[in-house]
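Below is one structure, written out as structure tokens, with a few remarks after it.
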Amino acid sequence: MTEISVNIVSDALKPLEQLNIPVSLKNLVDRHHQNVLSLSSALLLSGKSEEEVRGAIKLVCGSFETELFNTINTLSENEAFNAR
Amino acid sequence: MLDEHKTDEAARKFALDRLDILDTPKEEPFENVVDLIKQVLNVPMCAVSLVDSDRQWFKAERGLGVCETARDISFCTHAIEDTKPFIIPDATKDERFCNSPLVVGDPFIRSYLGIPLKTPDGYVVGSLCAKDKVPREFGVSDVSIMENFANIVTSELELRQIASTDALTGAKSRGAWMEEASSALTELSENGRVVTAAIMDLDHFKSINDTFGHAVGDEVIKELVNVVRSNTRRSDIIGRFGGEEFVLLLPDSGEKEAEIVIERIRNVFAETELPSLKGKKCSVSLGFTLRRKGEVSIDKILERADKALYEAKRNGRNQSVFHN
């Protein structure tokens, strides 16, 4: 894992730091982090420029973030319905 | 030793059904992945392919121009037979594919790289694939990139599954049930088929919680869903609507058929013994109703089922009532 790929991923995942991730999603979020780190390294190793890799990782992380946000909202709603 | 995840096609198909992804509209995360693969691997065709019983259906695709093909001619049906990458450098030199209509005709696939898409419970539901119109040796770097994209696709699928499933019971969550029931209702209505909806509510659940604690209460809830599952078909849709209230949609079941199922659920559950309840039995009350001709609103149907449930509770619980 190069410093560049770590930086790219760290920048792309910054918005997730603001989110309060429920325990049921922590493992999935950690795996996503590992996946994008690994993807970032693989893309750099294949000869893609830092700019290209940054764009790809940003796109992938952006979609995940939106879905994650929706999932957290849905889980909160479900929790409210199931409260007893 | 045989890996049951690879050999049990019915369970694999069930895992795919649980994802509720087949025939859904295009979605940005998957569109982004195929765009990136096309660009990064410089391939004219790629897809997120989900392998159904007799077809492969593309959640996202580039360069193929169709949303599905027959399973028996697909490359992906071979890719899902293993958990390793499936690579065909030149389809014209492979006896499995050299006469395939996808090779000798449009879209003229010549080379293929497919990464199995594995669910968290170990079933391979499809593949993430890249295809070229010329012979191509997909290298280690291509495979590594595709494997990472495949992991990203499965994470996205997993997120959706978590959002649509009640964590305690595995039943559909309220929102997911409403969505699925509404779409099933529209389809059934268009084809003039009957459908029954039921609402069920555990009797005296508060007292179970108060007496035995919430952990035992959870156990009772899970047991009810187990009983419902064991006495319904895969096409029936069960959802948790809140606390101890569940909903069930029974497609192609009229009043009589539904009554048999509903009474069986009630009876089996009433006879169930849970050691943690120390001899105390539980029961469930149910209200059910038929979709009326031309009715497409699930809310209206649930309203009637709820009235029937109220009657069942008022009449002494542990019974089912049909609202005509």
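Residue numbers (this note's numbering), protein chains in the order written: chain P, 7 to 90; chain V, 7 to 330.
Glycine is no exception: its CB is placed at the ideal position from the N, C-alpha and C atoms.
Just so it is clear, the structure is predicted and the values come from calculations on it, not from any experiment.
For residue i, which of helix, strand or coil comes out of DSSP?
i, result
"A17/V", "helix"
"R180/V", "helix"
"A314/V", "helix"
"C104/V", "coil"
"E251/V", "strand"
"R246/V", "strand"
"S80/V", "coil"
"H329/V", "strand"
"E33/V", "coil"
"D36/P", "helix"
"D258/V", "coil"
"R61/V", "strand"
"L19/P", "coil"
"G285/V", "coil"
"S55/P", "coil"
"V67/V", "Just to set this straight, residue 67/V is Glu in the shown sequence, not Val. Correct three-state label for E67/V: strand."
"K319/V", "helix"
"T75/V", "strand"
"D207/V", "strand"
"V49/V", "coil"
"V66/P", "helix"
Sort the options by Cα distance to residue i and report the nearest one.
i, options, result
"E164/V", "C73/V, V140/V, P126/V, V146/V", "P126/V"
"E229/V", "L283/V, R239/V, L134/V, E196/V", "L283/V"
"E162/V", "P95/V, I243/V, K65/V, R18/V", "K65/V"
"G245/V", "T238/V, R239/V, L254/V", "L254/V"
"S30/P", "N88/P, A89/P, T77/P", "T77/P"
"P28/P", "I168/V, A17/V, L315/V", "I168/V"
"G145/V", "S55/P, N13/P, A48/P, G68/P", "A48/P"
"I151/V", "S55/P, V15/P, L51/P", "L51/P"
"I10/P", "T72/P, T80/P, S44/P", "S44/P"
"S133/V", "I271/V, L108/V, Q62/V, D209/V", "Q62/V"
"F328/V", "E185/V, S303/V, S291/V, I304/V", "S291/V"
"H87/V", "R239/V, F247/V, D14/V, T217/V", "With the sequence shown as reference, residue 87/V is identified as Glu, and His is not the correct amino acid for it. Minimum Cα distance to E87/V is reached at D14/V."
Which word fits residue i, buried or exposed, when buried means at least 16 other C-beta atoms lie within 10 angstroms of its C-beta?
i, result
"L25/P", "exposed"
"M206/V", "buried"
"L30/V", "Looking at the sequence shown, residue 30/V is not Leu but Thr. Answer is exposed; the Cβ neighbour count stays below 16."
"A177/V", "buried"
"P141/V", "exposed"
"K137/V", "buried"
"K32/P", "exposed"
"F75/P", "exposed"
"I266/V", "exposed"
"E67/V", "buried"
"M7/P", "exposed"
"E250/V", "buried"
"A16/V", "exposed"
"F20/V", "exposed"
"G223/V", "buried"
"A182/V", "buried"
"E153/V", "buried"
Under 8 angstroms Cβ-Cβ, which residues of chain V neighbour residue i?
i, result
"S69/P", "E34, P35, N38, E162"
"K172/P", "As shown, chain P starts at 7 and ends at 90. That puts residue 172/P outside it, with no answer to give."
"L34/P", "S161, E164, L165, I168"
"T8/P", "The contacting residues do not exist; T8/P stays about 15 angstroms from chain V at best."
"N88/P", "D172, L174, R246, G248, G249"
"L25/P", "Those within 8 angstroms of L25/P in chain V number zero; the least Cβ separation is about 13 angstroms."
Along chain V, in chain order, which residues have C-beta atoms closer than 7 angstroms to that of residue i?
i, result
"L51/P", "S147"
"F75/P", "Result: empty, since nearest Cβ-Cβ is about 10 angstroms, beyond 7 angstroms."
Give me the chain P residues within the contact set of residue i, using Cβ-Cβ distance strictly less than 8 angstroms, ordered along the chain.
i, result
"G176/V", "Result: empty, since nearest Cβ-Cβ is about 13 angstroms, beyond 8 angstroms."
"N330/V", "Under the 8 angstroms cutoff, chain P gives no residues; its nearest Cβ is about 29 angstroms from N330/V."
"G285/V", "Those do not exist, as G285/V stays about 24 angstroms from chain P at its closest Cβ, beyond 8 angstroms."
"I158/V", "H38, N41, V42, L45, V66, F70"
"L42/V", "A62, L65, V66"
Mind checking if residue i is an interface residue toward chain A, Cβ cutoff 8 angstroms exclusive?
i, result
"A18/P", "Of the protein chains in the structure, P and V, none is chain A."
Just to make sure I have the definition right: I need the residues of chain P whose C-beta is within less than 7 angstroms of the C-beta of residue i. Which are they?
i, result
"S150/V", "A48"
"R24/V", "Correct list: empty, because the minimum Cβ distance to chain P is about 16 angstroms."
"A173/V", "S30"
"V154/V", "Looking at the sequence itself, residue 154/V is Asn, so the reference to Val does not match. Residues of chain P passing the Cβ test: N41, S44, L45, A48."
Give the interface partners of residue i over in chain V, defined as CB-CB distance under 9 angstroms, in chain order.
i, result
"H39/P", "Result: empty, since nearest Cβ-Cβ is about 10 angstroms, beyond 9 angstroms."
"E83/P", "S179, R180, G181"
Could you check whether the region 156-167 of chain V touches the region 35-46 of chain P, counting it as contact only if at least three pairs of C-beta atoms, one from each stretch, sit closer than 8 angstroms? yes
Can at least three beta-carbon pairs, one atom from the region 43-60 of chain V and one from the region 69-76 of chain V, be found at a separation below 8 angstroms? yes
Could you tell me whether the region 274-284 of chain V touches the region 293-302 of chain V, using the rule of 3 or more Cβ pairs below 8 angstroms? no
Using 8 angstroms as the threshold, is the region 187-195 of chain V in touch with the region 260-271 of chain V, meaning 3 or more CB pairs across them? no
Does the contact criterion of 3 or more C-beta pairs under 8 angstroms hold for the region 230-246 of chain V versus the region 169-185 of chain V? yes
Would the region 30-44 of chain V and the region 57-69 of chain P be scored as touching if the rule is three or more Cβ pairs under 8 angstroms? yes
The region 83-95 of chain V contacting the region 114-123 of chain V, beta-carbon criterion three pairs below 8 angstroms: yes
Contact between the region 194-210 of chain V and the region 308-328 of chain V: three or more CB pairs below 8 angstroms? yes
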